[in-house]
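Some notes on the structure that comes next.
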Amino acid sequence: MYIIVTILTISLLVSCSTRQEKMEKRMQAFITAYEAKIIPLYKEMNLTSWNANISGTDADLALSEKAEFAYEKVFTDTKDFKELKEIKESGAVQDAILARQLDLLYDEYLGGQVDTSLIAEKLRMETGINKKYLNFRVIVDNKELSDNQVEEILRNSTDSKELQETWEAHKKIGPVVAQDIIKLVKQRNLIAQKTGFSNFHEMSLKLSGQDPAEVTALFDELDNLTRDNFADLKQEIDTYYSKRYKIPSSELRPWHYQNRYFQEAPEIYSVDFDKYYKNQDPVKLAATYYDGIDLNVDAILAKSDLYEKPGKNQHAFSTDIDRAGDVRTLDNIKPDSYWMNTILHELGHGVYSYYCDRSLPFTLRDAAHTFTTEAIAEMFGRMATDPDWMMDNGIIDKKESEKIAGDAKKALRLQMLVFSRWAQVMYRFEKSMYENPDQDLNKLWWDLVEKYQMLTKPEGRDMPDWATKIHIALYPCYYHNYLLGELLASQFYTYLTTSITASKSFTGDKAVGAWLKEKVFMPGARYYWNDMIERATGEKLTAKYFAKQFVQ
Ligand SMILES: [Zn+2]
0 MYIIVTILTI
10 SLLVSCSTRQ
20 EKMEKRMQAF
30 ITAYEAKIIP
40 LYKEMNLTSW
50 NANISGTDAD
60 LALSEKAEFA
70 YEKVFTDTKD
80 FKELKEIKES
90 GAVQDAILAR
100 QLDLLYDEYL
110 GGQVDTSLIA
120 EKLRMETGIN
130 KKYLNFRVIV
140 DNKELSDNQV
150 EEILRNSTDS
160 KELQETWEAH
170 KKIGPVVAQD
180 IIKLVKQRNL
190 IAQKTGFSNF
200 HEMSLKLSGQ
210 DPAEVTALFD
220 ELDNLTRDNF
230 ADLKQEIDTY
240 YSKRYKIPSS
250 ELRPWHYQNR
260 YFQEAPEIYS
270 VDFDKYYKNQ
280 DPVKLAATYY
290 DGIDLNVDAI
300 LAKSDLYEKP
310 GKNQHAFSTD
320 IDRAGDVRTL
330 DNIKPDSYWM
340 NTILHELGHG
350 VYSYYCDRSL
360 PFTLRDAAHT
370 FTTEAIAEMF
380 GRMATDPDWM
390 MDNGIIDKKE
400 SEKIAGDAKK
410 ALRLQMLVFS
420 RWAQVMYRFE
430 KSMYENPDQD
440 LNKLWWDLVE
450 KYQMLTKPEG
460 RDMPDWATKI
470 HIALYPCYYH
480 NYLLGELLAS
490 QFYTYLTTSI
500 TASKSFTGDK
510 AVGAWLKEKV
520 FMPGARYYWN
530 DMIERATGEK
540 LTAKYFAKQF
550 VQ
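Per numbering that gives the first Met the number 0, the sequence shown runs over residues 0 to 551.
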C-alpha cells in the first residue's frame, strides 16, 4: 500500500512537472512570437501619435490612427486568445515572470476579442473628436484665445463680465462634440458587452487590474474624510472671492474660481508662486534637480518637444516610445509655477519609464499600473510650490522660504482637497454615464458639481459642459487614477522622508533616486501594483497618509 501511494505520488509529481514544463514552454513560445509582432507596431503607434500631437495635421492624424489600429488589431486575434486561454486555464504556469505576463496578456487580449469593425469604428470616432478639440479655438470679442490665454484671463481678471464671457466661450466646444461623445460611449459599451462586461467603465477598470467596487469604496472613504473640511474651506474660498470680485458670496458662479473646472485651488493665500518663476527656466531647474537625485533626464529632454507651436496639442504628456530608452515629453512650457509643476510631473513619468529594468521582457517593461506612475509624477509635481524645494534649488532664499512656508502649506492643502473633490465628480460622472448614457447628462454633471465641488450652477444652465473636458471623450475611465496617484504620492513621500532621506525636498540626495529605481522603477510591471507598493513601503495602498498630510 505504502509503495503504491509513493509510486502514485511520484508519477503525479512527474506528470505535474512535465505539464508545467509543457505549458511554460508554450507560454514562452507565445511570448516570442508576440514580441516579434508587437514591438515594431508599438513603436510605430507611439511615434505617429507623437508626430500628430505636434503637427495636428490631417495627414499625421491619419497615420497615427492607422498605426493605432494595427497595434490594437494584434489583440483581436482569436487563435492567440484561445492559446492564452488554454494556458491560463491549465493553471500550470508557475514561473513568476511568465505567470505575470500571462495575466497581463490575457486581459489585454480579452479586451480585444471584439469585431475589428467595431474597434475600427471606435477609433474613427475618437480621431474625429480629437480633431474637433485640436482645432477648436475660444473666441471672445472676435479674438482667438489659446487654452493658456483662457486660463490666464480666468486666473487674473477681476471683471465678472469678462470672466463669464471667457468661461462661456470656452464651453462652446461642448455642443460641438457632445453628440459624438455619446455615440462613442455607446460604441465603447457595445464593445464591453460583447466581451462579457456590463459596460465600458467596468471593463476598463477590471482589465487594468482594478475592482470598481474597491475604487468606489476608496472614493466614498475619501469623500467622508474630506467633506467637512472641504465645506469649511469652501466658505473661506467664497469669502475671499466675494472680496476679490466685490460681490456677495451668493452671486459667485463657476467662472469666478480662477480655472475652467475648479480643478485647481484658487490662490486665496498670499503666495504668488508665479512671480518666483518669472525669470526662471523650468526645464533647466528640473534637469538639475533630477540629476542631483541620481535620475538624470538629459536623454529624455533631448527627445522632447517643450514649447508652444501652432497646431500642437496644448496639454502635456509623457510617452515611452519603445520601452528601450526612447522616452519623451510634450509640453507648452512658460516660466510660471503651473509649468514648473508640469515639467516636474512629466519628467516623473519619464524617469519611471526610462529607469525600468531593460532586461525584463517587453510586457513587463511598463509601470505596475498607470496610477503608480501618476504617483511618482505627482510627488515631484508638488515640489514646484514647496518652499523647501524652492529654497534648496536656489529659487528663493531661506528668509523668503520661511516667510511663505505657512501659506504655502495651506495652499497645497487647499489644492489637494479641491482636486480630490473634482476627481469625485469625474469618477462618478463617468461611472454613471457608462451605466446609462441616455440619462440627462447635463443634469448629472451639474448635480455632481454641486454636491462634490459645492459650486452653484448658473441659473437655468442646460448645456453639455461635461463634454468640454477632453478626458471624458479621449482618455476614458482614467481620471480616478490621478486621485489614487495622489494617495500613493503621499505614501511614497512619507516613506522616503522617514526612512530614506533627511531632505524634505530630496534635493541632492542620490539615495532617493537609488530607492526609487530599486523599489519602483526597475520592477516595472513585474508585480501586481498593490504587491509592488507593499514591497516598497511595507504597506498596501492606503488613504491615511494623504489624510494625514492634507485633512485637519
Ligand atoms: Zn501624469
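For every residue, glycine included, the Cβ atom is placed at its ideal position computed from N, Cα and C. Predicted model only: the values in this text are computed from it and were never measured.
- Spell out the partners DSSP gives F316 in its beta bridges. L329
- Along the chain, where does the beta strand (DSSP E) that runs through K171 open and close? No beta strand (DSSP E) contains K171, which DSSP labels as neither H nor E.
- Of all the alpha helix (DSSP H) runs that stay within the bounds of the segment 194–273, which reach a length of 4 or more residues? 199–206 and 211–244
- Can you tell me where the alpha helix (DSSP H) with E64 in it begins and where it stops? D57 to V73
- Can you tell me whether DSSP reads V92 as helix, strand or coil? coil
- Message: Run the Cβ filter for me: residues under 6 Å from any heavy atom of ligand 1, listed in the order they occur in the chain.
- Response: H344, H348, E373 and A376
- Residues sharing a beta bridge with K130, DSSP: Looking at the DSSP assignment, K130 forms no beta bridge with any residue, so it has no partner.
- Task: With DSSP as the reference, label I395 as helix, strand or coil.
- Result: coil
- Query: Is the segment 402–411 touching the segment 175–192 in the sense that three or more CB pairs, one from each, lie closer than 8 Å?
  - Reply: no
- Do you know how far the Cα of D140 is from the Cα of L133? 21 Å
- Item | Where S269 falls, given that 16 or more other Cβ within 10 Å makes a residue buried | exposed
- Query: Based on Cα-Cα distance, which residue from L300, T77, N331 and L206 lies nearest to P309?
  - Reply: N331
- Backbone CA spacing between E64 and L122 [nearest angstrom]: 7 Å
- Item | Endpoints, the alpha helix (DSSP H) within which L447 is located | L440 to L447
- Please report how far the alpha carbon of V176 lies from the alpha carbon of Y492, in whole angstroms. 40 Å
- Task: Evaluate L341 with the Cβ neighbour count: other Cβ atoms within 10 Å of its Cβ, from every protein chain shown; 16 or more gives buried, anything less gives exposed.
- Result: Sequence check: residue 341 is Thr here, not Leu. T341 should be labelled buried.
- Assuming H368 contacts S207 under a Cβ cut-off of 8 Å, what Cβ separation, rounded to an integer in Å, is found between them? 7 Å
- Message: Tell me the DSSP secondary structure of E429 in three-state form.
- Response: helix
- Is I403 helix, strand or coil by DSSP? helix
- Item | Local conformation of V139 per DSSP, three classes | strand
- Stretch-stretch touch, CB-based, cutoff 8 Å, three pairs: the segment 346–362 with the segment 516–536: yes
- Beta-carbon proximity of F261 to W421, cut-off 8 Å: yes
- Task: Pick helix, strand or coil for L495, following the three-state DSSP scheme.
- Result: helix
- Query: Are the CB atoms of E429 and I471 nearer to each other than 8 Å?
  - Reply: yes
- Message: On the DSSP letters alone, give me the boundaries of the alpha helix (DSSP H) that I292 sits inside.
- Response: Per DSSP, I292 belongs to no alpha helix (DSSP H) and is neither H nor E.
- To the nearest angstrom, report how far apart A119 and F68 are at their CA atoms. 7 Å
- Task: Determine the closest residue to T126 out of N52, Y337, V417 and P334, with distance taken between C-alpha atoms.
- Result: N52
- Residue range of the alpha helix (DSSP H) that includes F361: Premise fails: F361 is in no alpha helix (DSSP H) and is neither H nor E.
- Would you check if the distance between the CB atom of Y544 and the CB atom of S489 is smaller than 8 Å? yes
- Query: Going by C-alpha distance, which of F370, L343, A315 and D297 is nearest S504?
  - Reply: L343
- Reduced DSSP secondary structure (H/G/I, E/B, other) of L144: strand
- Task: Check the C-beta distance from Y288 over to T506 and give it rounded, since I have them as a contact under 8 Å.
- Result: 7 Å
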